[in-house]
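Residue numbers (the working numbering): 131 to 467.
For each residue, glycine too, the CB sits at the ideal point set by N, CA and C.
One structure is given here, and the rest of the page talks about it.
Structural data, given as structure tokens:
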């Protein structure tokens, strides 16, 4: 055993375990999910557990490695893991204690989401960077090891992003194989509202819901979505448009409080799944969105199928939305936000 390396690596081991616990608290406790519902085979959980196993393996190997880790590298290791841990801890406590952020938006995302999401992802980046650094220290102890580790970490992120981007191109969310049902509720996920009118995406989703109702593929429509400042809610805009399509009021329910896809799936679980009425859930959104939607459903144990609207986007818009969805899916897998 290399005693010169062991103290710093033991510290790294315990902090990394605390980080793993904090990560799962963020994913489950913040979302009010009991730990008995923990699924080791959920993609995000596999990622975190796999990285922890790799990190522990590297720690053990370095402890028994004859080569000493230079003091400057030890300081870097402590700085990386400590910074990562502090970011995770602050993110958890901020959510748990209900800290109120300003009601401002950055690129259509709330400041709270940007700050907490950015902190969590930076923490994950530091952990991945630390792993690549520990690997590279086996082969090189000069300061070029930091650049190599950074480039390796960036490459892994790019590769992960491209893989997820391909996943969001999945097709097959069609309604042609649906059978008539008097117990299926079609949930229209909210989208942007422009001057109190539904955006083209929301129009497409509402039209598809109206079509499914008319063809008796669903028995009822659940409209969801809160409002941006100065606008009516997404659900109400969709409701008004559905009325103009001839949908009767008693076939629709309106929910106006949810602001994210995750909140909408939580609403579905609480108000449509965990009720006396045994609804089958059919979620109506856009093809590029449904991959993430159904991943969120799996995490919250909501049995649902997805049907995409018929609205076709121009290729540049579709590229933009798939880019956003790829990032959002990675965030959800890692932190359930």
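Residue 318 - containing beta strand (DSSP E), residue span: As a first step, residue 318 is located in the chain shown; it is residue number 188 there, counting from the start. Element bounds for residue 318: 314–318.
Span separating the alpha-carbon of residue 429 from that of residue 377: Translated into the one-based positions of the chain shown, residue 429 becomes position 299. Translated into the one-based positions of the chain shown, residue 377 becomes position 247. Roughly 33 Å between the two C-alpha positions.
Closest residue to residue 212 among 395, 138, 293, 181 (Cα-Cα distance): Taking the first residue of the chain shown as position 1, residue 212 is located at position 82. Taking only the C-alpha atoms, the option nearest residue 212 is 138.
Neighbour-count burial assignment, residue 423, 16 or more Cβ in a 10 Å radius: The residue labelled residue 423 in the question sits at position 293 within the chain shown. Answer is buried; the Cβ neighbour count reaches 16.
Helix, strand or coil at residue 197 [DSSP, three-state]: In the chain shown, the residue the question calls residue 197 occupies position 67. Residue state, collapsed to three classes: coil.
Where residue 387 sits in the DSSP three-state scheme: Residue mapping note: residue 387 aligns to position 257 of the chain shown, counting from 1. Residue 387 falls in the coil class under three-state DSSP.
Sub-8 Å separation of residue 412 and residue 314 beta-carbons: Translated into the one-based positions of the chain shown, residue 412 becomes position 282. Translated into the one-based positions of the chain shown, residue 314 becomes position 184. In this structure, residue 412 places its C-beta atom within 8 Å of the C-beta atom of residue 314.
Residue 174 burial status per 10 Å Cβ neighbour count (16 or more: buried): Start at 1 with the first residue of the chain shown, and residue 174 comes out as number 44. So residue 174 ends up on the buried side.
Close-in-space but distant-in-sequence residues of the same chain around residue 342 (CB under 8 Å, 5 per side omitted): The residue you call residue 342 lines up with position 212 of the chain shown. For residue 342, the CB contacts under 8 Å within the same chain, skipping 5 residues up- and downstream, are 305, 308, 316, 348, 412, 414, 437 in chain order.
CB-CB length for residue 372 against residue 354, believed under 8 Å: Position 242 of the chain shown, counted from the start, is the residue given in the question as residue 372. Position 224 of the chain shown, counted from the start, is the residue given in the question as residue 354. Incorrect: roughly 13 Å between the Cβ atoms, too far for contact.
Whole-Å CB distance - residue 459 paired with residue 294, under 8 Å assumed: Here the question's residue 459 lines up with position 329 in the chain shown. Here the question's residue 294 lines up with position 164 in the chain shown. Between residue 294 and residue 459 the Cβ distance is about 5 Å, and since that is below 8 Å, they are a contact.
Nearest to residue 191 (by Cα), restricted to the options 149, 310, 335, 264: Taking the first residue of the chain shown as position 1, residue 191 is located at position 61. A check of alpha carbon separations from residue 191 across 149, 310, 335, 264 identifies 264 as the nearest.
Cα-Cα separation between residue 421 and residue 297, rounded to whole angstroms: Along the chain shown, read from residue 1 onward, the residue named residue 421 stands at position 291. Along the chain shown, read from residue 1 onward, the residue named residue 297 stands at position 167. Approximately 7 Å between the Cα atoms of the pair.
Residues that residue 251 bridges to, as DSSP identifies them: Locating residue 251 in the chain shown gives position 121, counting from the first residue. For residue 251, which the question treats as bridged, DSSP gives no partner whatsoever.
Per DSSP, cross-strand counterpart(s) of residue 328: The residue you call residue 328 lines up with position 198 of the chain shown. Residue 328 pairs with 323.
Nearest to residue 223 (by Cα), restricted to the options 261, 260, 159: Along the chain shown, one-based indexing puts residue 223 at 93. Shortest Cα-Cα distance from residue 223 to any of 261, 260, 159 involves 159.
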